[in-house]
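Trainee: Each residue of the sequence shown is one higher than the one before, counting from 394 in my numbering.
A virtual CB, placed ideally from N, CA and C, is assigned to each residue, including glycine.
These numbers were taken from a predicted model, which means no experiment stands behind them.
Sending over a structure as structure tokens; questions will come in a sec.
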Amino acid sequence: MLAQRARTCARVMTFGDGGDVRAEHVRPLGSRGFAFDVVAPPGRVAVHVAGLGESSVMNALAATAGSLAAGATLSDVASGLGRYRPIG
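Written as structure tokens, this is what we have:
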């Protein structure tokens, strides 16, 4: 994927450990999900994600990277992630 970065004029962002968008200070909240800091090129924002399982954090980072690449602000991202409710 990263090799394709030079072939596009689109903004490309990576996420996860060592990525452009990453999670720090991840705190499990039991049945309420996870709280953590999203760290990205524009800065840092505290977020809460209601999903269960650590995959919820990675999914939130993927959504954050896509949102930032599309022009959203970190404030927009925190607000959107805070409104997320898992199905089921």
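#1: Output needed for residue 474: all residues of its chain with C-beta closer than 6 Å, excluding positions within five of it in sequence on either side, in chain order.
#2: Using only the alpha-carbon positions, how far apart do residue 415 and residue 467 sit?
#3: Would you kindly work out how many angstroms separate the C-alpha atoms of residue 433 and residue 407, rounded to a whole number?
#4: What did DSSP end up calling residue 405 once you bin it into helix, strand or coil?
#5: Could you check where the alpha helix (DSSP H) with residue 476 kicks off and where it finishes?
#6: Can you give me the C-alpha to C-alpha distance between residue 472 and residue 412, rounded to a whole angstrom?
#7: Skipping 5 residues on each side, what residues in its chain have a beta carbon closer than 6 Å to that of residue 478?
Mentor: Reading off the structure:
#1: Translated into the one-based positions of the sequence shown, residue 474 becomes position 81. Only 440, 442, 453 meet the Cβ criterion.
#2: Along the sequence shown, one-based indexing puts residue 415 at 22. Along the sequence shown, one-based indexing puts residue 467 at 74. Cα-Cα distance, rounded: 13 Å.
#3: The residue labelled residue 433 in the question sits at position 40 within the sequence shown. The residue labelled residue 407 in the question sits at position 14 within the sequence shown. Rounded to the nearest angstrom, the two C-alpha atoms are 10 Å apart.
#4: Translated into positions along the sequence shown, residue 405 becomes position 12. In this structure, residue 405 counts as coil in the three-state DSSP scheme.
#5: Taking the first residue of the sequence shown as position 1, residue 476 is located at position 83. 467-476 is the extent of the alpha helix (DSSP H) around residue 476.
#6: Looking up residue 472 in the sequence shown gives position 79. Looking up residue 412 in the sequence shown gives position 19. Cα to Cα, residue 472 sits roughly 22 Å from residue 412.
#7: Numbered from 1 along the sequence shown, position 85 holds the residue referred to as residue 478. Around residue 478: 443.
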